[in-house]
Amino acid sequence: MNQKLRDIFQAAAGKYLSAVDAEVTRSHQHEIGGLVKVGFGDVLGLPGKDETRELMCKMVYITDETGEPLIADDLVTWYDVRRKSKTRSPEYRLYYRENSVTESINEGDFLLITKLANSSLLMCFTPADSIIEAQLRELFGLSEQLDETFTPSNIGDKKLLLPVQILFEQLGISFESEQKTDKELLAFLLEHYPEGLPKSHVFSELARKRKPANPRKDPDEALMEWLTEEEHIFRTYERYLVSNRLRHGFGDDGSDVDTFIDFSLSVHNRRKSRMGFSFENHLGHLFNLHGLKFEKGSSKKTTENKSKPDFLFPSFDAYHDKNYDAEKLILLGAKTTCKDRWRQVLAEGDRLKTKYLVTIQPGISKAQLTEMRDKHLNLIVPFPLWETYPHDVHQELMSVKEFIELVASI
Numbered sequence: 001m002n003q004k005l006r007d008i009f010q011a012a013a014g015k016y017l018s019a020v021d022a023e024v025t026r027s028h029q030h031e032i033g034g035l036v037k038v039g040f041g042d043v044l045g046l047p048g049k050d051e052t053r054e055l056m057c058k059m060v061y062i063t064d065e066t067g068e069p070l071i072a073d074d075l076v077t078w079y080d081v082r083r084k085s086k087t088r089s090p091e092y093r094l095y096y097r098e099n100s101v102t103e104s105i106n107e108g109d110f111l112l113i114t115k116l117a118n119s120s121l122l123m124c125f126t127p128a129d130s131i132i133e134a135q136l137r138e139l140f141g142l143s144e145q146l147d148e149t150f151t152p153s154n155i156g157d158k159k160l161l162l163p164v165q166i167l168f169e170q171l172g173i174s175f176e177s178e179q180k181t182d183k184e185l186l187a188f189l190l191e192h193y194p195e196g197l198p199k200s201h202v203f204s205e206l207a208r209k210r211k212p213a214n215p216r217k218d219p220d221e222a223l224m225e226w227l228t229e230e231e232h233i234f235r236t237y238e239r240y241l242v243s244n245r246l247r248h249g250f251g252d253d254g255s256d257v258d259t260f261i262d263f264s265l266s267v268h269n270r271r272k273s274r275m276g277f278s279f280e281n282h283l284g285h286l287f288n289l290h291g292l293k294f295e296k297g298s299s300k301k302t303t304e305n306k307s308k309p310d311f312l313f314p315s316f317d318a319y320h321d322k323n324y325d326a327e328k329l330i331l332l333g334a335k336t337t338c339k340d341r342w343r344q345v346l347a348e349g350d351r352l353k354t355k356y357l358v359t360i361q362p363g364i365s366k367a368q369l370t371e372m373r374d375k376h377l378n379l380i381v382p383f384p385l386w387e388t389y390p391h392d393v394h395q396e397l398m399s400v401k402e403f404i405e406l407v408a409s410i
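Per UniProt numbering: the sequence shown = residues 1 to 410.
As structure tokens, this is what we get:
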């Protein structure tokens, strides 16, 4: 996918909610003003005195703790609140009705509002200083100090990389893939895997065959290409399987709601788990290509408290050999997203003061990065994703290539 964020989002702005914005008892009919000054008049148009404009809007409330967002789709109204006055200059506001999202927001929450190329709006609310805020602010170029008035975004040329796409999908935005339905690929998959989705390592190998990349020279770019291709392969087959299941209906009468919800949850959970397996598969392949000795944690390969590190260099036998130099041991955790799960890595190897974590999470809060540094956890991020992190923290990141070189040098 070669799309960029500006191909999807035409305008965006961010602010912190004031009491008037957030509290129902003080809000003036759930309205937001100040959008014309940050460019929304250019993309929404300016309604005349005798008109209002209705737009579809996806409203999202998400916190770091819950992970799963609260989403409400509704019509919002863009209009001139002074339209009945012939003498006063226009004042444009966005009116929205109360819903489950607006009932959850609080004064001080961060709000990102965007106009999408499909003419709809996205309003995303999240508590201040959350990981989601840090991610959205970096993606949309909202690096300035924010207050209770809107600041326009600088979307720039950031690429719609796979992890970024997945982040927006979590917020309820679906993307029309450039490749769309790959009929040739689907035919191949149905011929070779007629019984359904194979184990994740099978698709990982297929992705590497279809996208050889240059893993020796540029392991970071290769990793991202393989992950993107495997996701394309997986979703091509998944789309076919889900479509068939939808056609057959759910339950005896074809409309059993509980059966449908169970099916939907299984699809959602399968996507998340397969991405994690895919990530580890391709990392392991890269390490093997570069001649690194390592083992993966399992029921028979553990450290203290039966912990199972994702990767241990060079081996578990070396780790348990008290005569083996601890400085020649490296422990690596692999998490597609960090959130609070990164702390698991800290307890997976008592012999090692410094540990490593590799992730494809787009962006992270400075507070979280500081805590990682204080806990002696070094963060590894594939280089193409560095553009989703603030420039002033780049010196604290390590690329996959740099990590491979580090292990090889020991």
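Glycine included, C-beta positions come from ideal geometry on N, C-alpha and C.
- As far as DSSP is concerned, W342 takes part in no beta bridge.
- Excluding its 5 nearest sequence neighbours in each direction, E396 has C-beta neighbours in its own chain below 8 angstroms: L369, R373, L379, listed in chain order.
- For the 8 angstroms CB-CB criterion, L185 and I233 form a contact.
- Between F140 and V38, the C-beta spacing is not below 8 angstroms.
- The shortest C-alpha to C-alpha distance from A367 to any of L352, V358, Y389 is the one to Y389.
- In the displayed model, F175 falls within coil according to three-state DSSP, outside both helix and strand.
- Excluding the 5 residues flanking it on each side, Q3 has same chain C-beta neighbours closer than 6 angstroms at L160, in chain order.
- DSSP places G297 in the coil class of the three-state scheme, outside both helix and strand.
- The beta-carbon distance between E348 and T303, rounded to whole angstroms, is 6 angstroms. This is short enough to meet the 8 angstroms contact definition.
- Under the DSSP assignment, F203 falls in the alpha helix (DSSP H) whose first and last residues are 200 to 210.
- The alpha carbon of T114 has as its nearest neighbour, out of A12, E191, S409, the alpha carbon of A12.
- A Cβ-Cβ contact shorter than 8 angstroms links V60 with L171.
- In the DSSP assignment, I380 falls within the beta strand (DSSP E) that extends over 377 to 380.
- When Cβ pairs closer than 8 angstroms are counted between the two stretches, the region 41 to 51 is seen not to touch the region 97 to 113, the count staying below three.
- Between S119 and L167, the C-beta gap is not smaller than 8 angstroms, which leaves the two residues out of contact.
- By the Cβ neighbour-count rule, I410 is exposed, with fewer than 16 other Cβ atoms within 10 Å of its own.
- DSSP lists I113, P152 as the beta-bridge partner residues of A13.
- Beyond the five residues adjoining it in sequence on each side, F263 comes within less than 8 angstroms, by CB distance, of R245, F250 in the same chain, given in chain order.
- Of all C-beta pairs linking the region 316 to 330 to the region 127 to 138, fewer than three are shorter than 8 angstroms, placing the two stretches out of contact.
- The C-alpha of K401 is placed about 24 angstroms away from the C-alpha of R343.
- With fewer than 16 neighbouring CB atoms inside 10 Å of its own CB, I261 falls in the exposed class.
- The C-beta distance from C124 to Y96 rounds to 13 angstroms, too long to fall under 8 angstroms, and the pair is not in contact.
- The secondary-structure analysis by DSSP pairs A72 across a beta bridge with M59.
- Under the three-state reduction of DSSP output, G34 falls in the coil class, being neither helix nor strand.
- Here Y79 carries a strand assignment [DSSP, helix/strand/coil].
- Fully contained in the region 118 to 149 are the following alpha helix (DSSP H) runs of length 4 or more, in chain order: 131 to 139.
- Rounded to the nearest angstrom, the gap between the Cα atoms of Y16 and D147 is 6 angstroms.
- Where A367 is concerned, the enclosing alpha helix (DSSP H) starts and stops at 366 to 374.
- Judged by their CB atoms, F311 and F294 are nearer to each other than the 8 angstroms cut-off.
- Minimum Cα-Cα distance from A22 among the listed residues V242, V257, M275, I105 corresponds to I105.
- In the three-state DSSP reduction, R6 falls in the helix class (H, G or I).
- Distance from the Cα of P163 is smallest, within the candidate group D42, R271, H285, for R271.
- In the DSSP assignment, V164 falls within the alpha helix (DSSP H) that extends over 162 to 170.
- DSSP places R53 within a strand segment (E or B) once states are collapsed to three.
- About 6 angstroms separates the CB atoms of D80 and Y92; that is less than 8 angstroms, so the two are in contact.
- With fewer than 16 other Cβ atoms from the protein chains shown falling within 10 Å of its own Cβ, V267 counts as exposed.
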